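In the numbering used here, the protein residues as written are 697 to 772. Okay, so here's the structure we're looking at.
Dropping the structure here:
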């Protein structure tokens, strides 16, 4: 049987704001953008998510980052 996956799409804008599944995350005052992204991505990693791809949006200097993790199998 083939592996099943679930996906999470994360939008990152040029100011470092993160939007995921209708919830927006804003970096703390004075926090570096990359440190903020790392902190958020580390949280996803702790939940079992891994980066599956990045889709840059050139005109807007932003991107979508796609995460995936194995889908939980329901007990029979």
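We put the CB at the ideal spot given by N, CA and C, even for glycine. As the structure is a prediction and not an experimental result, all values here were calculated from the model.
- In the DSSP assignment, the residues bridged to residue 715 are 707, 720.
- Here the region 713–725 does not lie against the region 743–750, with fewer than 3 beta-carbon pairs under 8 Å apart.
- If the five residues before and after residue 749 are omitted, its C-beta is found closer than 6 Å to the C-beta atoms of 762, all from its own chain and listed in chain order.
- Annotation: residue 708 to residue 702 spans about 20 Å, alpha carbon to alpha carbon.
- Taken atom to atom, the span from the alpha-carbon of residue 740 to that of residue 710 is near 21 Å.
- Under the three-state reduction of DSSP, residue 749 is assigned to strand.
- Residue 759 and residue 738 have their alpha carbons spaced roughly 18 Å apart.
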